[in-house]
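Throughout, the numbering used here is defined as the position within the sequence shown, counted from one, plus 381.
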Amino acid sequence: MVDANPLLSPSALPYRLPDYREIRPAHYLPAFDAAFAAHRAEIDAITSQTEHATFASTLVALERAGELLGTVARTYYTVSSADATDEIQEIEETLAPLMSAHQDAITLDAALYARVAAVYDARDGLDLDPESAYLLERTFREMTHAGAALDAAQKAELTELNTRLSVLTTTFEKNLLADTNDLAVVFDDASELAGLTPGELSAAANNAVERGLPGRYVVTLTLFTGHPYLSTLTNRASRGRLLDASRARGSRGGANDNRAVLREIVRLRARRAEVLGYASHAAYVTSDETAGSPEAVQALLRELAAPAAANARREQAALQAMVDADAEPFTIEAHDWAFYTERVRQAEYDLDRTALRPWFEAGRVLQDGVFRAATQLYGITFTERADLPGYHPEVRVFEIHNEDGSALGLFLLDLYTRDTKRGGAWMNSIVSQSTLRGTAPVVVNNLNVPKPAPGEPTLLTLDEVTTLFHEFGHALHGLFATVIYPHFAGTAVFRDFVEFPSQVNEMWILWPEVLTTYARHVDTGEPLPREIVEKLHASEAFNQGFATSEYLAASWIDQAWHSLSAGEAAKVTDVAAFEAAALADIGLDNPLVPTRYSSTYFAHVFSGGYSAGYYSYIWSEVLDADTVEWFKDNGGLTRANGDRFRARLLGVGGSKDPLEAYRDFRGRDAEIAPLLKRRGLDA
382 MVDANPLLSP SALPYRLPDY REIRPAHYLP AFDAAFAAHR AEIDAITSQT EHATFASTLV
442 ALERAGELLG TVARTYYTVS SADATDEIQE IEETLAPLMS AHQDAITLDA ALYARVAAVY
502 DARDGLDLDP ESAYLLERTF REMTHAGAAL DAAQKAELTE LNTRLSVLTT TFEKNLLADT
562 NDLAVVFDDA SELAGLTPGE LSAAANNAVE RGLPGRYVVT LTLFTGHPYL STLTNRASRG
622 RLLDASRARG SRGGANDNRA VLREIVRLRA RRAEVLGYAS HAAYVTSDET AGSPEAVQAL
682 LRELAAPAAA NARREQAALQ AMVDADAEPF TIEAHDWAFY TERVRQAEYD LDRTALRPWF
742 EAGRVLQDGV FRAATQLYGI TFTERADLPG YHPEVRVFEI HNEDGSALGL FLLDLYTRDT
802 KRGGAWMNSI VSQSTLRGTA PVVVNNLNVP KPAPGEPTLL TLDEVTTLFH EFGHALHGLF
862 ATVIYPHFAG TAVFRDFVEF PSQVNEMWIL WPEVLTTYAR HVDTGEPLPR EIVEKLHASE
922 AFNQGFATSE YLAASWIDQA WHSLSAGEAA KVTDVAAFEA AALADIGLDN PLVPTRYSST
982 YFAHVFSGGY SAGYYSYIWS EVLDADTVEW FKDNGGLTRA NGDRFRARLL GVGGSKDPLE
1042 AYRDFRGRDA EIAPLLKRRG LDA
């Protein structure tokens, strides 16, 4: 198996794209075993040297090490997140503790740390270029932060904690995927789904057929609490069933219950922080982010929470007033909010966002919206490569070239939802750029758009259009970063900075010269009427009380869990009660505004990379809103502006301090006023 393993030979495809046609699940674990051994041998070659440590013999050698492991891991984790069959999930359960143990063996290696520290101590006399100097600084900082300076007993406990946590986070994700699939809502008759478009109804019918339920309708759940269909379903009972199913995930008892899993995760993360010398997991995480401390994060969240909650209460009153004017009034509940929000929007702005789908056909949004904006701004061009394989038949592959014709990399798009794909939307790299290794970027965007029946167009909501532009902003970051060392490739920046480029890319959605090319009626080709565009702009701050509150609530829950000490975490026995107390503490306990993610399905923090870091979106949005003002003040969608943003910010990847990169681009630190105005919090 190892001799014939395609993962153990360099891919012959362009840009080193893995040949997924040749890779079978049985290849992964043997490839990981070989890659672990190769990486360990490379590290041993560094630490066994008798000569004094130098930047080249230690830091550069460390950057060269592990290339095979990185290749195998990126190839596998791309699949495990987007096409997690039973066989792939079994591999991940085996792999998680092995990967954790291997990473700890490298990061906590005393001999390696000693050589890095020796070079670091001599840094002032090394005359390094800026990227090399930053590599030395970050490598020493990250190894120290991870525990490399601890004694043997502490390292042993740390390794045990990390191994157990790797198992628990994998279990959380597996449970969530299974419960999300199990809780998909089955409807017997199309009348129960009145209000859905023909495309949405066909997607539900198609889901039912795939599950062996012909003649019925299945609505799958999104990762976040509020389902997009809540805004259009006219049947109140159907709305209630959909929201109840969404909120029940991971908390129903049985094999897929995540409550005990997340409580153990919280306790072990808190204990790990104590071993590393920090008061809490939040203190540990933020100490190596731009925020610097949980106190700084919590101060921002509290500053925004009060006006957001007040705005939400005003919005709630307007919704209730509309319901009270109906022939049969009732007291609105959480599952009514989105539906009546659209009715209020229509009354106040004469705007029905739910009727905009025919103007947002997915292929046109991609080609004439997302790609066109990037071409106008950065000069890059896109060519679909049907000859290159994705990891799933639905994946599309595009080759990208710079304006001068030079090759840039590959972009893969995986648009549709399926039972084997985790929820949400994300970007990841399959191949990372590095001049040291001679590699160019291959990046992936994943969304979870319902797939209509064959022959019918894929029509997006405005929120899905936003997600597509957002995730492509991450892709641009991954494609444009041009660095020497793989350590800094692509989006390898501080967690609370990584959302900044993606959020900036959302600005082009309603930019006139972009919108007029992609927002055209699927049947007539007519552009989205100007009066509707004007209403979209006029209503930008509409419902921001709800949107900001649900986001801040999730951010606060994340902070609350991860601000506990190990002793405090051990005393928490009721997950729902803990959440309720945390939300009451910050004044975001409005039952009509449920948190965007509840703990038992909060994948970002309990199985993803955002633990104690979900605040990153609003933290980055301060920079994003300030940057949008800069683009507006400097002519908008121009090549000169694109070149500046690419060269000074996207192009540096993680090779310099992100706030320094921002100041280089903007000429000053970001100001919060544009964010407050955008979210209607400046009143």
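Note that the Cβ used here is the ideal one computed from N, Cα and C, for glycine as well. These numbers come from a predicted model, not from an experiment.
{"Check": "Relative to the alpha-carbon of Asn1022, which residue among Val1009, Tyr458, Ala728 has its alpha-carbon at the smallest distance?", "Outcome": "Val1009"}
{"Check": "Within 10 angstroms of the Cβ of Phe959, are there 16 or more other Cβ atoms? Answer buried if so, exposed if not.", "Outcome": "buried"}
{"Check": "Any chance the stretch 505-520 sits against the stretch 439-447, with 3 or more Cβ pairs inside 8 angstroms?", "Outcome": "yes"}
{"Check": "Tell me the start and end of each unbroken alpha helix (DSSP H) in the stretch 706-761 that is at least 4 residues and wholly inside, in chain order.", "Outcome": "718-730, 753-759"}
{"Check": "Going by the CB atoms, is the gap between Tyr396 and Val1033 shorter than 8 angstroms?", "Outcome": "no"}
{"Check": "Kindly confirm or deny that the stretch 826-836 and the stretch 781-798 touch, where touching means at least three C-beta pairs closer than 8 angstroms.", "Outcome": "yes"}
{"Check": "For the beta strand (DSSP E) holding Val778, just list the boundary residues, first then last.", "Outcome": "777-782"}
{"Check": "Taking C-alpha atoms, which residue in His851, Ala565, His526 lies nearest to Ser668?", "Outcome": "His526"}
{"Check": "Taking three-plus beta-carbon pairs below 8 angstroms as touching, is the stretch 974-981 in contact with the stretch 673-683?", "Outcome": "no"}
{"Check": "Could you tell me whether the stretch 609-627 touches the stretch 949-964, using the rule of 3 or more Cβ pairs below 8 angstroms?", "Outcome": "no"}
{"Check": "Where does Trp892 fall in DSSP's three states?", "Outcome": "coil"}
{"Check": "Determine the burial state of Asn826: buried for a count of at least 16 other Cβ atoms within 10 Å of its Cβ, exposed for fewer.", "Outcome": "buried"}
{"Check": "Within the stretch 955-1010, note down every full alpha helix (DSSP H) run reaching 4 residues or more, in order along the chain.", "Outcome": "956-967, 984-987"}
{"Check": "Pair every Cβ in the stretch 685-698 with every Cβ in the stretch 915-930, then say whether three or more of these pairs are closer than 8 angstroms.", "Outcome": "yes"}
{"Check": "Taking its Cβ as the centre, do 16 or more other Cβ atoms sit within 10 Å of Gly451, making it buried, or is it exposed?", "Outcome": "buried"}
{"Check": "DSSP three-state call for Val383: helix, strand or coil?", "Outcome": "Here Val383 scores only 46 on pLDDT, less than 50, and its place in the model should not be relied on; the value that follows carries that caveat. Val383 falls in the coil class under three-state DSSP."}
{"Check": "Count Cβ pairs between the stretch 989-998 and the stretch 935-943 that sit closer than 8 angstroms; are there 3 or more?", "Outcome": "yes"}
{"Check": "Identify the continuous alpha helix (DSSP H) that holds Gly948 and give its terminal residues.", "Outcome": "947-951"}
{"Check": "Do His662 and Ala677 have their C-beta atoms closer together than 8 angstroms?", "Outcome": "no"}
{"Check": "Pull up the distance between the alpha-carbon of Leu539 and that of Ala1051, whole angstroms please.", "Outcome": "38 angstroms"}
{"Check": "Taking 8 angstroms as the threshold (C-beta atoms), are Ala463 and His773 in contact?", "Outcome": "yes"}
{"Check": "Please go through the same chain and pick out, in chain order, the residues whose beta-carbon is closer than 7 angstroms to the beta-carbon of Val460, but skip the five residues on each side of it.", "Outcome": "Ile469, Tyr772"}
{"Check": "One question on the structure: do Glu765 and Phe779 come within less than 8 angstroms of each other, judged by their Cβ atoms?", "Outcome": "yes"}
{"Check": "Could you check the C-alpha separation between Leu1057 and Asp1007 for me, to the nearest Å?", "Outcome": "11 angstroms"}
{"Check": "For the alpha helix (DSSP H) that contains Asn588, what are its first and last residues?", "Outcome": "579-591"}
{"Check": "Taking DSSP as the reference, what is the three-state secondary structure of Val600?", "Outcome": "strand"}
{"Check": "Tell me the rounded alpha-carbon separation between Asp570 and Pro595.", "Outcome": "11 angstroms"}
{"Check": "Got a sec, what are the start and stop residues for the beta strand (DSSP E) Phe568 sits in?", "Outcome": "566-568"}
{"Check": "According to the Cβ coordinates, are Thr428 and Ala477 closer than 8 angstroms?", "Outcome": "no"}
{"Check": "Name, in chain order, the residues that DSSP records as bridge partners for Val642.", "Outcome": "Per DSSP, none; premise fails for Val642."}
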